[in-house]
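> One structure is given below, represented as structure tokens, and several questions about it will come after.
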Amino acid sequence: MNPTSFLLILTGVLLNAAAQLLLKAGTNAVGTFAFSRGNILPIGWQIATQPPIIGGLACYGISVIVWIMALSRVEVSVAYPMLSIGYVVNAFAAWYLFGENLSISRLAGIGIIILGVYVVSRS
Numbered sequence: 765m766n767p768t769s770f771l772l773i774l775t776g777v778l779l780n781a782a783a784q785l786l787l788k789a790g791t792n793a794v795g796t797f798a799f800s801r802g803n804i805l806p807i808g809w810q811i812a813t814q815p816p817i818i819g820g821l822a823c824y825g826i827s828v829i830v831w832i833m834a835l836s837r838v839e840v841s842v843a844y845p846m847l848s849i850g851y852v853v854n855a856f857a858a859w860y861l862f863g864e865n866l867s868i869s870r871l872a873g874i875g876i877i878i879l880g881v882y883v884v885s886r887s
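Sequential numbering of the sequence shown, starting at 765, is according to my numbering.
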């Protein structure tokens with residue numbers, strides 16, 4: 765994999781990870797909710813107008829464009845497993861930003877993911 769292809773994949777993965785974090789921040793601002801006939805419009809509007817939600821959706825949109833560019837250069841069987849890097853990024857970011865738990869078993873899983881991505885990237 766050449767540096768341009770790797771950079772496109774990494775950019776797509778990081779944009780996707782950022783989207784998840786922004787969506788979480790937006791839902792944290794709204795709080796726990798359940799949709800019902802009576803509240804679907806007010807809750808939907810409240811969610812849709814949260815700046816982090818808008819930012820997250822924008823990151824998703826840009827990541828799709830970047831991902832298409834990456835797929836034009838790299839086999840999908842190599843590119844797709846790289847999305848797992850997003851889990852690694854999000855696990856640490858969620859721990860740092862939202863105080864989510866990073867247990868020993870999660871850290872072990874992250875290590876396995878990193879090893880797997882390394883092996884696939886070398887194939």
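Think of the CB as a built atom: it goes at the ideal place given N, C-alpha and C, for glycine as much as any other residue.
Can you list the alpha helix (DSSP H) stretches of 4 or more residues lying completely in the stretch 786-865, in chain order?
Entirely contained in the stretch 786-865, the alpha helix (DSSP H) runs reaching 4 residues are, in chain order, 804-812, 815-835, 840-843, 848-862.
> Rounded to whole angstroms, what is the Cα-Cα separation between residue 845 and residue 884?
Reading the sequence shown from its first residue, position 81 is the one you call residue 845. Reading the sequence shown from its first residue, position 120 is the one you call residue 884. Approximately 7 Å, taken between the alpha carbons.
> Using the Cα positions of residue 887 and residue 880, report the straight-line distance between them to the nearest angstrom.
Position 123 of the sequence shown, counted from the start, is the residue given in the question as residue 887. Position 116 of the sequence shown, counted from the start, is the residue given in the question as residue 880. Rounded to the nearest angstrom, the two C-alpha atoms are 11 Å apart.
> How many angstroms separate the CA atom of residue 852 from the CA atom of residue 874?
Translated into positions along the sequence shown, residue 852 becomes position 88. Translated into positions along the sequence shown, residue 874 becomes position 110. Each residue's alpha carbon lies about 6 Å from the other.
> Label residue 871 either buried or exposed according to how many other C-beta atoms from any shown protein chain fall within 10 Å of its C-beta, with 16 as the threshold for buried.
Position 107 of the sequence shown, counted from the start, is the residue given in the question as residue 871. The residue in question, residue 871, is exposed, as its Cβ has fewer than 16 Cβ neighbours within 10 Å.
> Mind checking whether residue 836 and residue 775 have CB atoms under 9 Å apart?
Position 72 of the sequence shown, counted from the start, is the residue given in the question as residue 836. Position 11 of the sequence shown, counted from the start, is the residue given in the question as residue 775. Taking 9 Å as the Cβ cut-off, residue 836 and residue 775 do not qualify as a contacting pair.
> Comparing C-alpha positions only, which one of 855, 856, 864, 848 sits nearest to residue 877?
Taking the sequence shown and counting its residues from 1, one reaches residue 877 at position 113. Measuring from the Cα of residue 877, the nearest candidate turns out to be 848.
> Using the Cβ count rule (16 or more neighbours within 10 Å means buried), how would you classify residue 772?
Along the sequence shown, read from residue 1 onward, the residue named residue 772 stands at position 8. That one is buried.
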